[in-house]
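Heads up: the structure comes next, in structure tokens.
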Amino acid sequence: MSKISFATVWLDGCSGCHMSFLDIDQRLIELAEKVDVVYSPLVDHKEFPLAVDVTLVEGAVSSDEDREKIINIRQKTKTLVSLGDCALTANVPSMRNPFLVKDVLDRAYMENVTINRQIPREGVPRLLPYSRPVHEVVSVDVFIPGCPPPADAIYFALCELLEGRMPDLTGKTRFGA
Amino acid sequence: MTPEELYQIAEEEQESLKRFHFRMFVCTAAGCLSSHGDSVLDALKKEIKEAGREEECLCKGVGCMGLCSEGPLVFVEPDGVLYGKVKVEDAKEIVESLGKEPVARLVCPIDLPFFTRQKKVVLENSGVIDPERIEDYIAHSGYEALVQALTEMTPAEVIDGVFKSGLRGRGGAGYPTGLKWSTVSKGVGGAKYVICNADEGDPGAFMDRSVLESDPHRVLEGMAIAAYAVGASQGYIYVRAEYPLAIKRLQTAIRQAERCGLLGNHICNTTFSFQINVRLGAGAFVCGEETALIASIEGKRGQPRPRPPYPAEEGLWGCPTLINNVETFANVPAIIRNGAEWFAAIGTEKSKGTKVFALAGRVKHTGLIEVPMGIPLRDIIFEIGGGIPDERNFKAVQTGGPSGGCIPKEHLDVPVDYDSLSQLGSIMGSGGMIVMDESSCMVDVARFFMEFCMTESCGKCVPCRVGTAQIHDFLQKIINGDAVPDDLEFLKKICDMVKETSLCGLGQTAPNPVLSTLRFFRDEYVNHIVNKECTAGACKVPAKQEVHS
Amino acid sequence: MRTSFGKPSPPSEDRRWKIIGATMRRHGYQPHALIETLHTVQESFGFVGEDAFHYVADSLRIPLSHVYGVATFYHFFNLKPQGEHTCVVCTGTACYIKGASLILQAIEDEYGIKPGETSDDGKLSVLTARCIGACGIAPAVVFDGEIVGGVSATDAVNRIRRCLQK
Amino acid sequence: MNPSIRVKTFKIDDRDVSAREDETILAVARQNGIFIPSLCYMDGLTPIGACRLCMVEIKGSTKLFASCVTRVEEGIEVITNSKRLQKYRLRILEFLFSERNHICSVCVSNGHCELQSMADQLGLTHVRVPYRYPIQPVDATHERFVVDHNRCILCARCVRVCDEIEGAHTWDIMGRGVEARVITDLNKPWGESESCTNCSKCVHVCPTGALSEKGKSTAEMKKKQQFLPYLTWIREGRT
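The listed protein sequences correspond, in order, to chains A, B, C and D. First residue of the first sequence? That's 0 in numbering that gives the first Met the number 0, and the numbers climb one at a time after it. First residue of the second sequence? That's 0 in numbering that gives the first Met the number 0, and the numbers climb one at a time after it. First residue of the third sequence? That's 0 in numbering that gives the first Met the number 0, and the numbers climb one at a time after it. First residue of the fourth sequence? That's 0 in numbering that gives the first Met the number 0, and the numbers climb one at a time after it.
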């Protein structure tokens with residue numbers, strides 16, 4: 000049996016969901032026997048492959064780069080999994096949403112800064128007007144809430160997916176967990 | 000007041016009318032007042048005086064004659080001439096023409112279907128009597144029904160009469176009036192109340208305003224009959240503060256009726272006593288809902304509460320309360336006077352009597368009309384309304400306001416009655432009827448109503464509070480060209496959910512304008528979404544804005 | 000913090016408080032007189048201010064938050080003084096279909112005031128109404144209390160100019 | 000007890016139950032260990048039927064009934080958990096999450112919030128309607144408590160407990176529709192309130208992190224609600 004191709008991607012989030020994924024600990028070895036990690040901030044591949052079976056997304060869609068990435072990934076992924084509250088609800092990144100991007104940038108880079116006051120524009124992606132949950136931008140197949148989702152919940156969800164079932168996470172994790 | 004005294008007043012008043020050879024009626028309802036109907040009245044009186052014809056010519060202010068778009072209106076008897084758009088400067092000429100050739104340039108033909116196709120019951124006195132004089136009302140059989148009920152009928156017989164007439168609530172839902180009265184009459188407890196709902200919040204409707212301005216005594220009489228029937232001794236009229244003229248005329252009417260002993264203690268020397276107080280609304284559409292209206296009279300935020308218990312059992316201050324709207328009460332005197340059979344002979348099998356509509360929007364003759372139930376929509380718009388102006392084409396007619404729907408031309412032959420309209424996803428409503436031509440975008444119309452519902456939602460229950468805002472945002476998104484085709488199905492799902500889960504009628508009907516336009520004008524939605532175009536060319540479709548950093 | 004709870008006295012010598020007191024007395028100082036009283040306050044002062052809230056709440060023995068909740072529930076009550084001149088544009092359905100939004104836009108373009116706002120000099124307030132029941136003569140605008148029908152955007156701007164010159 | 004009150008028997012989810020005729024379907028369901036979700040309902044406060052989560056079906060009627068305000072009737076058959084109800088309840092929760100800025104991960108009530116646990120219980124994993132992101136204030140002027148309007152779901156428990164139990168009526172709701180907001184006194188900072196007795200009842204009945212004690216950090220605000228049934232019980236004993 001060929002291994003299932005597996006990717007993880009990190010958009011606007013704190014990487015906590017990836018840390019929680021690593022907290023699966025020794026079960027990662029069992030997992031590694033079943034899946035082939037083809038793209039992830041945790042490994043070295045630079046390009047997202049053309050066809051991936053399962054992709055975990057951490058983080059909200061906040062910049063034009065995030066959006067291009069997720070649209071590309073959606074096209075190439077069979078089962079897209081929103082991992083954690085930032086991907087599900089835009090969570091902490093969304094706290095800027097009631098305000099204009101300009102005001103947010105001013106507050107961060109001008110008002111509260113004493114030296115080198117300038118808004119970075121070169122080499123950084125542009126912010127979208129709103130930081131949005133992944134499913135508002137592309138369709139998502141599986142949702143794993145939590146900030147971060149507990150390692151057990153992530154492991155359970157992956158096992159279910161590997162068995163070809165849709166995981167029911169009721170009682171295993173929740174928003175903000 | 001005894002019946003004899005009443006008939007005497009009527010006779011004297013009729014006699015005094017007969018003394019005049021000419022009678023001039025000047026509309027002084029809000030529509031004509033806004034085009035200075037009051038100045039025209041003064042000018043005519045002045046001219047009559049100067050011409051020394053006071054003895055032979057009566058000139059009085061009356062209520063609404065209906066054809067508001069041609070105001071100010073002046074009607075002259077016995078010549079049978081209707082003048083429209085009369086200016087102060089025309090007064091002299093009009094007075095001079097009495098008994099001679101009418102002033103041709105001002106004449107409005109009265110053989111228009113606008114007048115001939117109508118059937119007046121509620122509006123029988125509108126435009127005929129002076130709303131500020133009780134004698135004039137009495138001369139036109141006013142308070143006869145009340146006296147008859149008090150002296151010749153038992154409360155049960157009154158209720159039976161209303162029941163047999165088949166009268167249904169004119170406020171929108173069409174609940175059988177006789178049944179409601181009967182429930183309240185059986186209610187236990189010390190006090191009972193009768194409330195007249197004159198909180199006509201539906202944008203595009205002005206029937207109640209017009210009735211109150213043109214024939215306020217009729218409503219008082221209807222309420223008094225109802226109070227006698229159900230056993231109440233205190234009544235309230237809850238009227239919008241936005242209707243200052245109606246309020247003034249109501250208060251005048253109440254004072255006059257009290258002075259004549261037609262309201263107050265021991266009416267007609269019977270044991271029946273009934274007071275009426277006016278309570279002002281304050282700009283909240285939701286107060287048209289019974290329980291919200293009661294909360295408002297109690298001095299609270301106008302938030303509806305779950306029913307049951309219905310107000311008929313536990314209403315104002317926990318007492319059995321009868322709530323009917325203005326037009327419902329205005330039908331009652333005619334039913335008592337002419338009999339239930341007479342009333343039941345008008346209209347259709349399940350919708351009896353007439354209905355007053357406020358015809359407005361893109362139609363030639365705008366104004367107030369009263370038609371028998373069951374008349375086809377087409378006849379109202381194209382005959383009575385005179386069709387669409389500016390050589391444009393009819394697109395839709397909106398009935399029932401924010402709780403109703405838009406009916407397209409395919410269904411123009413639908414008879415206007417409670418059941419047929421609700422089958423089309425609209426409602427009879429209180430009687431607003433807004434005609435739209437091809438220059439109106441139906442998505443925008445739906446958005447307009449949803450914005451209304453969003454700002455009028457009381458905010459108590461979640462589906463209505465958040466749902467109306469979400470639906471509004473969706474419609475805005477569609478208009479902005481930011482929606483995808485799948486959004487339409489989702490929109491419909493949200494609408495269905497808000498309809499089924501909201502606490503009161505406002506939320507339960509708020510999605511109707513969206514659902515009905517989705518049903519009949521889906522292509523306009525699709526055009527907005529797929530081609531980013533407005534079929535009617537009414538909406539600005541802004542360029543998509545991606546980033547605003 | 001108040002210490003005594005006798006019969007509250009009016010906030011000032013202003014005679015208008017007497018009218019408000021009379022309304023409350025007529026209703027026997029019953030809590031259900033709240034909305035009627037707020038109507039009298041607005042009629043007398045043009046708006047419902049903080050001193051009025053305290054006076055009415057104390058006289059009718061209603062909690063302050065309740066009074067404030069009621070006053071803000073009903074859009075008829077203004078909590079701020081209105082401009083010297085007011086222009087109320089009807090945005091009922093018939094008026095909307097016949098271009099009320101164009102009127103509002105024209106006023107905003109000319110005077111920079113959006114619905115609900117008052118000009119900086121306190122001369123002009125622009126308001127909207129949810130149908131004033133003059134649908135037969137739509138679009139309708141109320142200039143300083145006078146209803147005018149069939150108003151175009153230019154008409155409206157011109158009339159406001161005349162109002163302001165008065 | 001009033002001797003004229005009769006007992007009714009009926010069915011909830013095919014289980015035979017009996018109740019006094021003045022009891023609500025929700026109360027009877029709880030007595031029998033049948034779960035019906037709710038947020039605005041609180042035992043000891045006047046039910047208002049506002050959140051609509053507790054809606055149930057009654058066989059023979061297409062209408063839905065808010066069980067917290069619907070009295071029992073002889074012989075009715077109540078269904079508490081149909082597909083249709085599940086669908087609508089999820090939508091109500093989505094509406095609540097989308098209405099204001101509920102960010103569980105950084106909320107004082109994280110882990111102790113009724114909205115959050117309701118989402119978990121009913122299986123809400125993501126919100127399909129767009130978030131509205133309103134700008135809502137936080138008032139920390141009171142020396143002991145904070146009100147964060149971003150987390151408020153307008154259940155009016157604070158308003159009711161302050162009025163019905165404490166008797167101060169410091170809280171009420173201003174405005175209407177999505178603009179509605181809880182206020183203290185004349186919409187003044189809570190710290191300046193003349194009527195507030197600092198009793199903290201509102202804080203503890205609040206189902207979310209909208210009302211909290213000062214000094215509590217993320218996930219530290221545990222509500223203590225046992226006082227309410229106790230007070231109600233003691234007061235009933237006196238009358």
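For every residue, glycine included, the Cβ atom is placed at its ideal position computed from N, Cα and C.
- For Glu241(B), which option in Ser209(B), Cys440(B), Pro71(B) and Phe114(B) has the closest C-alpha, if you only look at C-alpha atoms? Ser209(B)
- Are the region 246 to 263 of chain B and the region 167 to 174 of chain B touching, with three or more C-beta to C-beta distances below 8 Å? no
- At a CB-CB cut-off below 8 Å, which residues of chain C make contact with Phe205(B)? Cys130, Gly132, Ala133, Cys134 and Gly135
- Task: Output the distance between the C-alpha atoms of Lys10(D) and Ile387(B), rounded to the nearest integer angstrom.
- Result: 58 Å
- Buried or exposed (CB count within 10 angstroms, at least 16 for buried), Gln544(B): Residue confidence for Gln544(B) is low, a pLDDT of 45 falling below 50, so the modelled location carries little weight; the figure read from the coordinates is stated next. So Gln544(B) ends up on the exposed side.
- Between Arg66(A) and Leu127(A), which are expected to be in contact by the criterion C-beta below 8 Å, what is the C-beta distance as a whole number of angstroms? 7 Å
- What residues from chain B crowd round Ala65(D), counting only those whose CB sits closer than 7 Å? Pro305
- Positions along the region 508 to 523 of chain B whose CB lies within less than 7 Å of some CB in chain C: none
- From what residue to what residue does the beta strand (DSSP E) around Ser19(A) run? Looking at the DSSP string, Ser19(A) is not in any beta strand (DSSP E); the run it does join, the alpha helix (DSSP H), is Gly15 to Leu21.
- Query: Measuring CB to CB, does Ala197(B) end up less than 9 Å from Ile335(B)?
  - Reply: no
- Beta carbon proximity, Thr290(B) to chain D, threshold 9 Å: no
- Query: Between Arg22(B) and Val75(B), is the Cβ-Cβ spacing less than 9 Å?
  - Reply: yes
- Message: Does any residue of chain B have a CB that is nearer than 9 Å to the CB of Tyr28(C)?
- Response: no
- Message: Measuring straight from C-alpha to C-alpha, what distance separates Val112(A) and Met94(A)?
- Response: 20 Å
- Query: Is it right to say Gln115(D) is buried, meaning 16 or more other beta carbons lie within 10 angstroms of its own, or is it exposed?
  - Reply: buried
- Item | Residues that Asp11(A) contacts on chain D, provided the C-beta gap is smaller than 8 Å | Here the premise fails: no neighbours, minimum Cβ distance about 14 Å.
- Asp147(D) versus Leu153(D) - alpha carbon distance: 12 Å
- Query: If contact means a Cβ-Cβ distance below 8 Å, which residues of the region 87 to 98 of chain D contact chain B?
  - Reply: Tyr87, Arg90, Ile91, Phe94, Leu95, Ser97 and Glu98
- Of the residues that make up the region 106 to 126 of chain C, which ones have a beta carbon closer than 7 Å to any beta carbon in chain B? none
- For His44(A), collect the residues of the same chain with a Cβ closer than 7 Å to its Cβ; drop the 5 residues on either side in sequence, then sort them by chain order. Val37 and Tyr38
- Message: Can you give me the C-alpha to C-alpha distance between Met222(B) and Val529(B), rounded to a whole angstrom?
- Response: 54 Å
- Query: Are any of the Cβ atoms in chain D nearer than 9 Å to that of Gly5(C)?
  - Reply: no
- Report buried or exposed for Ala51(C), applying the criterion of at least 16 other Cβ atoms within 10 angstroms of its Cβ. buried
- Item | Beta-bridge pairing of Gly360(B) - partner residues as DSSP gives them | Val434(B)
- Message: Can you check which of these residues, Pro462(B), Cys494(B), Gly177(B) and Val442(B), is closest to Cys405(B) by C-alpha distance?
- Response: Val442(B)
- Cβ atoms of Ile172(D) and Arg300(B): under 9 Å apart, would you say? yes
- Mind checking the region 55 to 82 of chain C against chain D and listing, in chain order, the residues whose C-beta falls within less than 7 Å of any C-beta there? Pro62, Leu63, Ser64, His65, Tyr67, Gly68, Thr71 and Phe72
- Query: Helix, strand or coil: how does DSSP classify Gly177(B) here?
  - Reply: helix
- Task: Tell me whether the beta-carbon of Ile296(B) lies closer than 9 Å to the beta-carbon of Tyr235(B).
- Result: yes
- Any C-beta of chain C under 9 Å from that of Asn100(D): no
- Item | Ser548(B) to Asn115(A) span [Cα, whole Å] | Reliability of the predicted coordinates at Ser548(B) is poor, the pLDDT of 36 falling under 50, and no value is obtained from them.
- Task: Would you list the residues sitting across from Gln469(B) in a DSSP beta bridge?
- Result: Paired residues: none, contrary to the question.
- Message: Contact criterion: CB-CB distance below 9 Å. Does Lys543(B) meet it with respect to chain D?
- Response: In this prediction, Lys543(B) scores a pLDDT of 46, lower than 50, which makes its location untrustworthy; the coordinate-derived value is nonetheless stated afterwards. Chain D, which has no Cβ nearer than 9 Å to the Cβ of Lys543(B), makes this no.
- Could you name the residues of the region 250 to 281 of chain B whose beta carbon sits closer than 9 Å to any beta carbon of chain C, in the order they occur along the chain? Arg278, Leu279, Gly280 and Ala281
- Given a cut-off of 9 Å, decide if Gly30(B) and Gly144(C) are closer than it, judged by their beta-carbon atoms. no
- Can you give the Cα-Cα distance for Tyr54(C) and Asn323(B), rounded to whole angstroms? 35 Å
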